[in-house]
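Residue numbers for the sequence shown follow my numbering, so the first one is 124 and each next one is one higher.
Idealized CB from N, CA, C, for every residue including glycine.
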Amino acid sequence: GYTTNTPLELVLADNFLLATHYNGEPLTPDHGYPLRAVVGSFPDRSEEKTAYFWKGGKWLRALEFRSDDQPGFWERAGYHNEADPWKEERFSGGSWF
């Protein structure tokens, strides 16, 4: 299945949340039901590490904590593992094949 890897330091940051609802309503499947990970941003904290809307996952069914880095679906397809938007770390190469 689909996987994404997010460093523990980002998961424990105050701009990360796990959401089941939005505006008081349960998430719909289009928006990540039953559980969605959201990585926000603080514009006045651009010096801090963030993966603003880049490393969040939708449709979470399980969380696995690992001591090693295991690239997820998009990282294996060539997207940058760090995903720092302030450094334009988006696509790092690779292919879809």
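At what residues does the alpha helix (DSSP H) containing leucine 133 begin and finish? Taking the sequence shown and counting its residues from 1, one reaches residue 133 at position 10. Unbroken alpha helix (DSSP H) run through leucine 133: 131-134.
Can the beta-carbon of leucine 70 be found less than 9 Å from the beta-carbon of alanine 142? The chain is shown from 124 up to 220; residue 70 falls before or after that span and cannot be answered.
Mapping the DSSP letters down to three states, classify glutamate 211 as helix, strand or coil. As a working mapping, residue 211 is identified with position 88 in the sequence shown. It is coil, neither helix nor strand.
Is the separation between the beta-carbon of glutamate 198 and that of asparagine 128 shorter than 9 Å? Here residue 198 refers to the residue found at position 75 when the sequence shown is read from its first residue. Here residue 128 refers to the residue found at position 5 when the sequence shown is read from its first residue. Yes, Cβ-Cβ distance for glutamate 198 and asparagine 128 is below 9 Å.
N-terminal and C-terminal residue of the beta strand (DSSP E) that phenylalanine 139 is part of: Position 16 of the sequence shown, counted from the start, is the residue given in the question as residue 139. Per DSSP, phenylalanine 139 belongs to the beta strand (DSSP E) from 139-142.
Taking its Cβ as the centre, do 16 or more other Cβ atoms sit within 10 Å of arginine 159, making it buried, or is it exposed? Within the sequence shown, the letter at position 36 stands for residue 159. Flag for arginine 159 reads buried.
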